[in-house]
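For the sequence shown, numbering that gives the first Met the number 0 gives the first residue as 0, with consecutive numbering after it.
Glycine residues also receive a C-beta, built at the ideal position from the N, C-alpha and C atoms.
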Amino acid sequence: MQHRRTGEGATCGGSILTTRSETDRKRTLLCGLNQFFVEGGMTLADPSLVLPLFVRALGGSTALAGLVSSLRFFGWMLPQFVAARPVERRSRLLPLIAGLEAVRGGAYLLIAFGVVLLGARHPTGALVLFFLLFVLSRLAAGASGLARTELIARIIPDAQRSSMVSLRRLLGGVAGFLAGIAVQQVLERYGGTLISYAWLIGVSGISLGLAMILLGGVQEPGVKVAQPQGSLWQAVVQGRGILRGDSRYRLYLLVRAAGTGMTLAGPFYIVYATEVLGLPPSVAGLYIGIRTASRVLSNLYWGRQGRRRGSAWLMVMGSLMAWAAPTWLLLTSALGANLLSQSVAFRGMVLAGVFVAEGLSVSASGVGRILYLYDLAPADRRPTYFGLANTLLGPLYFLPAIGGGLVDQIGYMALFAAASGMLLVSTLLAVRLLRLGPPESEPTASGA
């Protein structure tokens, strides 16, 4: 059934249409600012760059440092199918989101306090505390993320969703860029000591709290929703029915599954640059800036193209750009000694192309995948569609750990070749999805 909005009133001296237009603009702005502080907070304690260094500073092994990135995605995706039913049955989502975000931000603050109190004297205890609270924060973030996705679908009109998603990613990218500068400054000032990580993680928690305050200013309309009935097992059966009955949804999942080839190779581009091409470690900061700039500057373009060409086209381009990154390294590796004989600056420019492609891919895929599911999922089953997809794909985000094993056994080029092959398959599947035409809800089997 379709959601029916209630509680929309008119203000004095204005029509209902004007009121709705002004309300929609305010909602768009607040949702965009919410993403600014969420992205800024997450970058300050980036699970791929900052937290692994923090784990190492506490005496954790390289394996534990690598585990942080996997837990980031797996912990976020794992609870979403279970959370789908509570989200579907709620007429108002902000109270649920507020509670989950309080857990998320509070966990980061507790980690920061734990570092100050335990870090130097009991590093093992601080490490255990960190992983327990980090997993808790990721589970809360996953359930909250599903609810926030549904909230945006309810409060932003269909015609504005492409612009909304693009704006959120644009502001999030700007925040990430600024937070990256802050990370560099803090680590330089405090010399990478434990107190520097305590500052970053603590401010991250505060930023997440500010994000929730901004989102709380959104005027959430009441909606009448169907009340899902039955147990979790029945929800699993219904999920199986969706997989059996919706062929586009199955193809969408396959596109995303093959697209995790980007995750397989991603953590090792910098390692390849420093250990094989001989670039200095400081080049990592430059590449982070290049990737962020590529993502931010392309966001508005992808948003416009999403309105013109559709979300499936964005998924094609996102997969194609992701495929270009490892493929570019494979092609340049054919130069072998010729490349190594070039200057460090030249080698750095060659590698820069990888991060430009990554930024373009993250931007296009991020907008396209969300918009496609918005259009494909029935309104009263949206949380189930999003939650089921993320829960099924979650285990694939342990690929960085597998990638580390592959590097040790067969080298970087074999790893990049495997990633390139996966991403080529993702691109071809996305082209097939595009040829099916605009996404629309399909009748699904009940699974009963």
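Below 7 Å CB to CB, which residues in the same chain sit around residue i once its five sequence neighbours on both sides are set aside?
i	result
R55	A64
L186	S195
C11	Only weak support exists for where C11 lies, its pLDDT of 36 falling under 50; the coordinates are left without a value.
V202	L43
S332	M412
L428	L250, L253, V254 and A257
L108	G201 and G204
L177	G39
Report the CB separation of residue i from residue j in whole angstroms; it is logged as a contact under 8 Å.
i	j	result
A257	M421	5 Å
G171	V37	7 Å
A125	G113	5 Å
A197	V115	5 Å
F72	G317	Actually they do not touch by this definition, with Cβ atoms about 17 Å apart.
A295	V173	A small fix is needed here, since residue 295 is Val in this sequence, not Ala. Their Cβ separation, rounded to whole angstroms, is 6 Å, which keeps V295 and V173 in contact under 8 Å.
L432	L250	5 Å
L57	G118	7 Å
Check this for me: beta carbons of residue i and residue j, under 7 Å apart or not?
i	j	result
I205	R26	no
T426	L319	yes
W322	L423	yes
A142	Y373	no
L313	G367	yes
A324	A356	yes
L150	G31	no
T262	G175	no
R103	A139	yes
S69	P46	no
A455	L132	Nothing about residue 455 can be reported from this structure: the residues present for the chain run from 0 to 447 only.
G260	A418	yes
Residue i: which of the options sits nearest, CA to CA?
i	options	result
A181	G216, G302 and I200	I200
L328	G208, R120, S60 and Y268	Y268
T291	S203, L250, R346 and G39	G39
G74	L135, S165 and A152	L135
V315	A44, L117 and L359	L359
L214	L28, R434, L428 and Q408	L28
L128	F53, R84 and Y396	F53
V430	G190, H121, R239 and R308	R308
W301	P266, A333 and L370	L370
A395	P382, S297 and A264	Note that residue 395 is Leu in the sequence shown, not Ala. Minimum Cα distance to L395 is reached at A264.
L99	F130, I212 and P122	I212
Which same chain residues end up closer than 6 Å to residue i when comparing Cβ atoms and leaving out the 5 residues on each side of it in sequence?
i	result
A210	N33, F36 and V37
L16	Only weak support is given to the placement of L16: the predicted model assigns it a pLDDT of 34, under 50, and the question is left unresolved by the model.
G8	Interpretation of G8 is limited by its pLDDT of 35, a score under 50 that renders its predicted location unreliable; the figure taken from the coordinates is listed afterwards. For G8, where only same-chain residues beyond five positions count, there are no Cβ hits under 6 Å.
F354	Y286, I289 and R290
Y411	Y271
A363	W301, L313, M316 and G317
P266	P399
S293	V355, G358 and L359
Give a single yes or no on whether residue i has its beta carbon closer than 6 Å to a heavy atom of the ligand MN.
i	result
G258	The ligand MN is not part of the structure shown, which contains no ligands of any sort.
Considering only residues of the same chain and omitting the five flanking positions on each side of residue i, which have a CB-CB separation below 8 Å?
i	result
L299	S165 and L169
R247	L375, L432, L435, P438 and E441
F385	Q79, A83, L145, T148, E149, L372 and A376
P85	L95
L93	L150, L214, G215, V217 and E219
S297	G358, L359, S362 and A363
Y189	S195 and W198
Quiz item: With contact counted as at least three CB pairs below 8 Å, one residue from each stretch, are the stretch 313-331 and the stretch 373-381 in contact?
Solution: Under the three-pair Cβ rule at 8 Å, the stretch 313-331 does not count as touching the stretch 373-381.
Quiz item: Between the stretch 400-412 and the stretch 78-85, do at least 3 Cβ pairs fall closer than 8 Å?
Solution: When C-beta atoms of the stretch 400-412 are compared with those of the stretch 78-85, fewer than three pairs fall below 8 Å, so the two segments do not count as touching.
Self-check item: Any 3 or more C-beta pairs closer than 8 Å across the stretch 272-279 and the stretch 344-356
Solution: Verdict: yes, contact present.
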